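Quick note: the sequence shown uses the numbering used here, first residue 79, plus one each step. From the three backbone atoms N, C-alpha and C, an ideal C-beta is built for every residue, glycine too. All values derive from a computational prediction rather than experimental measurement. Below is one structure, written out as structure tokens; comments come after it.
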Amino acid sequence: MAEPHHPDATTGTAPTGTTATAVDPDPFESYERARPLPVGRPWVVANMVAGLDGSLAWNGQVGALSSGTDRSLFVRLRGLADAVIVGAGTVRAEGYGPVKLPTARRAQRSAAGRSEVPPLVVVSRSLDFDWDQPLWADDVVPRPIIVTAGTAPAARRAQAERRAEVLVAGEGTVDLAAALAQLRGRGMRTVLTEGGPTLLDELVAAGLLDELCLTLTPVFGGDPLTMAHRAHPAERLSSFTLEGVVRTGDELYLRYLLRRPEGGPVP
Ligand SMILES: NC(=O)c1ccc[n+]([C@@H]2O[C@H](COP(=O)([O-])OP(=O)(O)OC[C@H]3O[C@@H](n4cnc5c(N)ncnc54)[C@H](OP(=O)(O)O)[C@@H]3O)[C@@H](O)[C@H]2O)c1
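So this is what it looks like as structure tokens:
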């Protein structure tokens with residue numbers, strides 16, 4: 079896949095405490111590295127973009143926060159994933175369609191024995207979707223996957239089963255660990271989550287987010303919607319280590335890994 083050249087990119091690696099200044103023709107090369115495989119589930123990478131005020135959207139959508147470089151990284155991360163997992167709120171707010179990748183990336187994936195594009199996995203209990211949207215069309219390959227809970231409304235579940243593959247994980251709400259275990263059972267090794275903030279918060283709280291790729295966009299004034307959408311503070315803080323920094327113009331691309339307890343295994 080042809081990636082844009084970023085002549086103004088500056089990369090740095092945080093753990094040494096140094097600021098690197100070497101110009102790299104592909105500043106996002108490190109994003110391509112193979113990830114470890116946790117026990118019983120895929121590696122989970124999140125890709126999010128936020129303004130300087132921490133806001134995730136403007137007038138309900140993310141587009142105004144995202145630059146051409148951010149969009150190309152968005153596509154590139156999709157190209158690495160075995161599945162793209164999103165909350166239903168994001169599908170509804172953003173009018174999500176099927177995952178699309180450039181021809182070269184599709185061919186590369188196919189040659190490696192993978193699906194040409196990763197399936198979209200949507201987490202929802204309500205199953206309240208506009209089934210006329212292109213995401214649910216009969217000719218979408220691979221079929222989208224909906225992960226829902228055992229108590230999801232029966233009539234909507236029957237409708238969902240006509241439009242997507244439906245997995246059940248958990249009863250009253252989706253048990254994300256169980257959902258990820260099912261994806262691993264299908265051979266998935268790396269999944270990308272594109273949020274939104276409700277799903278992301280649950281993944282972090284459950285210790286299921288391994289890596290966060292965060293674009294910091296130099297704007298202020300977005301919606302009052304931050305990276306974690308929750309009613310109460312989490313029971314504990316989750317810590318991350320800064321694995322890499324890329325600067326393009328006034329934007330920062332930050333890559334964080336979840337900090338596990340000293341010597342603790344990746345679960
Ligand atoms: N800046 C960014 O990078 C970024 C990324 C993504 C989204 N966004 C923004 O975030 C906003 C949407 O936020 P959001 O919090 O609604 O998004 P979300 O996390 O995508 O969706 C929340 C919904 O996902 C489902 N869900 C999540 N966890 C579940 C669980 N454990 N069990 C069952 N269902 C579960 C529920 O759907 P049901 O209601 O169907 O049961 C829930 O209402 C939009 O404005 C969007 O533009 C920004």
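Smallest Cα separation from residue i: which of the options?
i           : options            : result
residue 207 : 186, 192, 231, 185 : 231
residue 278 : 229, 303, 296, 295 : 303
residue 245 : 223, 265, 148, 255 : 223
residue 252 : 240, 112, 196, 225 : 225
residue 173 : 203, 148, 141, 197 : 141
residue 201 : 297, 169, 117, 147 : 169
residue 110 : 151, 190, 137, 237 : 151
residue 178 : 190, 191, 197      : 197
residue 254 : 237, 285, 233      : 285
residue 318 : 305, 186, 195, 287 : 287
So, residue i versus residue j, is the Cβ gap smaller than 7 Å?
i           : j           : result
residue 324 : residue 105 : yes
residue 158 : residue 125 : no
residue 272 : residue 164 : yes
residue 295 : residue 329 : yes
residue 153 : residue 270 : no
residue 160 : residue 268 : yes
residue 193 : residue 220 : yes
residue 127 : residue 108 : no
residue 327 : residue 135 : no
residue 256 : residue 242 : no
residue 250 : residue 227 : yes
residue 129 : residue 297 : yes
residue 205 : residue 240 : no
Considering only residues of the same chain and omitting the five flanking positions on each side of residue i, which have a CB-CB separation below 6 Å?
i           : result
residue 79  : Residue placement at residue 79 is flagged as unreliable, the pLDDT there being 31, under the threshold of 50; the coordinate-derived value follows with that caveat. Result list for residue 79: 180, 182, 183, in chain order.
residue 81  : Any reading at residue 81 needs caution, since the residue's pLDDT is 31, under 50, leaving its predicted position unreliable; the model's value is listed next. Within the same chain, residue 81 has no close Cβ partners at all.
residue 119 : 258, 259, 262
residue 283 : 312
residue 93  : At residue 93, the pLDDT of 37 sits below 50, so the modelled position is not reliable and the matter cannot be decided from this model.
residue 195 : 177, 179
Suppose the cutoff is 7 Å on Cβ atoms and the five residues either side in sequence are ignored; what does the same chain contact list for residue i look like?
i           : result
residue 167 : 274, 276
residue 332 : 292, 294, 320, 323
residue 335 : 288, 289, 318, 319, 321
Cutting at 8 Å between CB atoms, please list the residues of its own chain near residue i, excluding the five before and the five after it.
i           : result
residue 218 : 176, 212
residue 139 : 171, 172
residue 346 : Nothing can be reported for residue 346, as the shown portion of the chain is limited to 79 through 345.
Discussion item. Quick check for students: name the residue ranges of the beta strand (DSSP E) that lie wholly in the segment 207-279, counting only runs of 3 or more.
Written reply: 223-226, 243-246, 268-271
Segments of 3+ residues assigned as beta strand (DSSP E) that fall wholly inside the segment 99-147:
121-129
Which ranges would you report for the beta strand (DSSP E) in the segment 310-335 if only whole runs of at least 3 residues count? 318-326
What runs of the alpha helix (DSSP H), each 4 residues or longer, lie entirely inside the segment 150-216? 166-172, 181-189
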